[in-house]
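What follows is one structure encoded as structure tokens, with my remarks underneath.
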């Protein structure tokens, strides 16, 4: 195999996180992208037609810390390697850290797929005094190597030419004789029982011996009963290795990469760090890091939670939809609808337009748009991984790592949007715990404003009791969930890229791709949920729920019976429930106000959040969360009712 096929296929972009893959991807494809989950995973990937070959696609695989795969992102990349009709690999590496880049190249070379190596951030490497002999490196690897600066397009155009002439790389290491013999035995068995049309059996054997779950699952499926001849070979290799075999193999790749990198890299002494280095050091500084973090989180909250969730939502919902579109649509439907039930279905209290589309476009779309923009800026600037590092120690207490800080903070703007952002977490376990905590104890900005307004009018003590209750419950339930949900906490392992000014065009392209996903996949979910609410109302189920809840609300919680309606309204929109209790403020004692606000905050999130939970976690998991949260909210509310009446 000496070159790429002329037939259509897929070019895979692979590389470590934060090396500029997405920027190169957008420069090679333009703005027409498709953002979706990779088949069989919950990990988001981007696919688009290549500008230089419209018959072929580019797939931007998730950043991998290492291969064989361990995290969901890495498993998705391996799954793409196994299943895509790959014409060539474009490995994007960090020119400042060639050894780390070549460690991955050493493994990719064993797969025998044509490859092109782009060493990105070449300008930053040069500024640090790092010079790479590109010709010598290309000769050593036997593949095209290009220095790139993706942010301004330097070298990216040449990559298209290189990809059309990609070559299979030379192997850059020979494993220890005993290990190599084990690799060859497993490779021979793989070649005999489950040959792969594109990946070399030797490369699959290395991944398999390294403990790659995706490759193991693929081999089990392909080999069938013959897998019984392959698995003992791995078991014997692991038993005979003079140590942990995956670690030994990884160490040999690292050593070989180090030797090659040393031979082609020269360094000159630089007298002072760059401004980006100084900024990068300041944001993780033990003293200055926390104030900077708080300032950044406040900016995000102001942009997403205040500007997006309040200003833009107000303009769209109140001025455009409620003031103009909904009356016009209602008038039109009433004039042409063949029956009254059709009118109610489309523009009634639970109408597909007046509730479903209004929620999706007027309430959630502006919040999601501002979040995607803010997230794109954090991504492009290099601050996102630093934010995770700073928050890591605190979140370790509830079984999460620092990446969970972003969904938690953004939940104060909109829990629906924050549930969507749990996709940035590495494992299903982390996403499940974070989604549960968001649904349980994080009030959205609209609800938070009502809660603080009501309790603040009573006393500072009332606000303090509510705040301590929320923090305590969040930490306790997070701690318990981390112990009860199977799996282990994923340690925070992240590359800290240099700080840089975001590229506005790149942020906009990422935002456009993500918004396309929202419009295509999420809006139908809102319409389905709205139809369900309409059906329950017509069947008399919703009024029955309100009546059934009155004894519980008045007896256990000690609230007026009519407060039962506030909890049902809280499901439709979180702030509606709090507002319903706020409207009864003159009939509530301070204890009743505190108990009501604690319970409504812990109560099941709004309809939109539930739909997003279904989208991200599935119907069964979302239903289980509802079944846990609703009784838990009433249990805690009742306990506070008893305790406050005894102490206050």
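Residue numbers (the working numbering): 2 to 649.
No residue lacks a Cβ here, since even glycine has one placed at the ideal position from N, Cα and C.
*What is the rounded straight-line gap between the Cα of residue 87 and the Cα of residue 107?*
Here residue 87 refers to the residue found at position 86 when the chain shown is read from its first residue. Here residue 107 refers to the residue found at position 106 when the chain shown is read from its first residue. Taking the straight line from one Cα to the other gives about 18 Å.
*Can you name, in chain order, every residue of its own chain whose Cβ lies under 7 Å from the Cβ of residue 185, other than the five neighbours on each side?*
Residue mapping note: residue 185 aligns to position 184 of the chain shown, counting from 1. Nothing listed; no residue qualifies.
_Mapping the DSSP letters down to three states, classify residue 352 as helix, strand or coil._
Numbered from 1 along the chain shown, position 351 holds the residue referred to as residue 352. Three-state DSSP puts residue 352 in coil, outside helix and strand.
*Closest by C-alpha distance to residue 62, when choosing among 93, 645, 333*: Numbered from 1 along the chain shown, position 61 holds the residue referred to as residue 62. Considering only alpha carbons, the answer is 93.
_Start-to-end residues for the beta strand (DSSP E) that takes in residue 227_ = Position 226 of the chain shown holds residue 227. It is not in any beta strand (DSSP E) - residue 227 carries neither H nor E in the DSSP assignment.
*Three-state class that DSSP yields for residue 95 in the structure shown*: Locating residue 95 in the chain shown gives position 94, where the first residue counts as 1. Strand at residue 95.
*Under the three-state reduction of DSSP, which class applies to residue 267: helix, strand or coil?*
As a position in the chain shown, residue 267 is number 266, starting the count at 1. Strand.
*Closest by CA to residue 17, which one among 89, 58, 109, 227?*
Within the chain shown, the letter at position 16 stands for residue 17. Comparing Cα positions, the closest option is 109.
*Can you grab the Cα-Cα spacing for the pair residue 173 / residue 622, in whole Å?*
Here residue 173 refers to the residue found at position 172 of the chain shown. Here residue 622 refers to the residue found at position 621 of the chain shown. Distance between the alpha carbons of residue 173 and residue 622 is about 47 Å.
_Which of helix, strand or coil DSSP assigns to residue 273_ = Working through the chain shown from its first residue, we reach residue 273 at position 272. Because residue 273 carries a pLDDT of 48, less than 50, the predicted location of this residue cannot be relied on, and the following value inherits that uncertainty. Residue 273 falls in the coil class under three-state DSSP.
*Counting Cβ pairs closer than 8 Å, one from the region 146-165 and one from the region 17-28, do we hit at least three?*
yes
*Counting only the same chain and skipping the five closest in sequence on each side, list residues whose C-beta sits under 8 Å from that of residue 145.*
The sequence position of residue 145 within the chain shown is 144, counting from 1. Taken in chain order, the residues that qualify are 117, 118, 139, 163, 166, 167, 168.
*Compute the Euclidean distance between the alpha carbons of residue 114 and residue 570, then round it to the nearest angstrom.*
Taking the chain shown and counting its residues from 1, one reaches residue 114 at position 113. Taking the chain shown and counting its residues from 1, one reaches residue 570 at position 569. Those two C-alpha atoms are separated by around 57 Å.
*Residue-level contact to chain D via CB, residue 84, 8 Å cutoff*: No chain D is part of this structure, which consists of one protein chain only.
*Could you tell me whether the Cβ atoms of residue 11 and residue 67 are closer together than 8 Å?*
On the chain shown, position 10 is the one that residue 11 refers to. On the chain shown, position 66 is the one that residue 67 refers to. No.
*asked:* Bridge partners for residue 133 per DSSP, in chain order?
replied: Mapped onto the chain shown, residue 133 falls at position 132. Residue 133 pairs with 266.
*Taking just the CA atoms, how far does residue 380 sit from residue 141?*
By one-based count along the chain shown, residue 141 stands at place 140. By one-based count along the chain shown, residue 380 stands at place 379. If you take the alpha carbons of residue 141 and residue 380, they lie about 34 Å apart.
*Look up residue 489 in the DSSP assignment and say whether it is helix, strand or coil.*
Numbered from 1 along the chain shown, position 488 holds the residue referred to as residue 489. In the structure shown, residue 489 sits in coil (DSSP, three-state: anything other than H, G, I, E or B).
*Which residue from 365, 404, 443 puts its Cα closest to that of residue 674?*
An answer regarding residue 674 cannot be provided, because it is not within the stretch 2 to 649 covered by the chain.
*Round the Cβ separation of residue 594 and residue 453 to the nearest angstrom and send it over; I've been treating them as touching at under 8 Å.*
Here residue 594 refers to the residue found at position 593 of the chain shown. Here residue 453 refers to the residue found at position 452 of the chain shown. So it is not a contact: roughly 12 Å between Cβ atoms.
*Name the residue from 638, 247, 187 whose alpha carbon lies nearest to the alpha carbon of residue 466.*
For the purposes of this step, residue 466 is identified with residue 465 of the chain shown, where counting begins at 1. Minimum Cα distance to residue 466 is reached at 638.
*CB-CB under 7 Å to residue 475, same chain, minus the five flanking residues each way: which ones, in chain order?*
Within the chain shown, numbered from 1, the residue matching residue 475 stands at position 474. Excluding residues within five positions, the ones whose Cβ falls inside 7 Å are 438, 442.
*residue 192 versus residue 233: straight-line alpha-carbon distance, rounded*: By one-based count along the chain shown, residue 192 stands at place 191. By one-based count along the chain shown, residue 233 stands at place 232. Distance between the alpha carbons of residue 192 and residue 233: 16 Å.
*Roughly how many angstroms separate the alpha carbons of residue 83 and residue 226, rounded to a whole number?*
Position 82 of the chain shown holds residue 83. Position 225 of the chain shown holds residue 226. Cα to Cα, the separation comes out at about 20 Å.
*Are there 16 or more other CB atoms within 10 angstroms of the CB of residue 648, so buried, or fewer, so exposed?*
Position 647 of the chain shown, counted from the first residue, corresponds to residue 648. Flag for residue 648 reads exposed.
*Going straight from the alpha carbon of residue 8 to that of residue 248, what length do you get?*
Here residue 8 is taken as the residue at index 7 of the chain shown, counted from 1. Here residue 248 is taken as the residue at index 247 of the chain shown, counted from 1. Residue placement at residue 8 is poorly supported in this model, since its pLDDT is 47, which falls under 50; the coordinates still yield a value, given next. For residue 8 and residue 248, the distance between alpha carbons rounds to 38 Å.
*Pick out the complete alpha helix (DSSP H) segments inside the region 499-540, 4 residues or longer, and give them in chain order.*
505-518, 524-539
*Chain-order list of residues whose beta-carbon lies under 6 Å from that of residue 526 (same chain, five-residue window excluded)*: As a first step, residue 526 is located in the chain shown; it is residue number 525 there, counting from the start. These residues qualify, in order along the chain: 612, 616.
*asked:* Need the endpoints of the beta strand (DSSP E) that residue 11 sits in, please.
replied: By 1-based counting over the chain shown, the position of residue 11 is 10. That run of the beta strand (DSSP E) goes 11-16.
*Limits of the beta strand (DSSP E) - the one that residue 153 falls within*: Locating residue 153 in the chain shown gives position 152, counting from the first residue. That residue, residue 153, is in no beta strand (DSSP E); it is neither H nor E in DSSP.
_residue 49 - partner residues in DSSP beta bridges_ = Counted from its first residue, the chain shown places residue 49 at position 48. In DSSP, residue 49 forms a bridge with 59.
*Cut-off 8 Å between Cβ atoms - residues of its own chain near residue 314, not counting five sequence neighbours on either side*: Start at 1 with the first residue of the chain shown, and residue 314 comes out as number 313. Excluding sequence neighbours, residue 314 sits near 363, 364, 367, 368.
*residue 309 and residue 359 look like a contact to me (Cβ under 8 Å); what is the Cβ gap, rounded to whole Å?*
One-based indexing of the chain shown puts residue 309 at position 308. One-based indexing of the chain shown puts residue 359 at position 358. Between residue 359 and residue 309 the Cβ distance is about 16 Å, and since that is not below 8 Å, they are no contact.
*Tell me whether residue 646 sits in a helix, a strand or coil according to DSSP, three-state version.*
Mapped onto the chain shown, residue 646 falls at position 645. Of the three classes helix, strand and coil, the one that applies to residue 646 here is helix, per DSSP.
*Can you give the Cα-Cα distance for residue 433 and residue 136, rounded to whole angstroms?*
For this step, residue 433 is matched to residue 432 along the chain shown. For this step, residue 136 is matched to residue 135 along the chain shown. If I take the Cα positions, the gap works out to 48 Å.
_Member of 592, 529, 375 whose CA lies at the smallest distance from the CA of residue 463_ = Locating residue 463 in the chain shown gives position 462, counting from the first residue. Per the Cα distances, 592.
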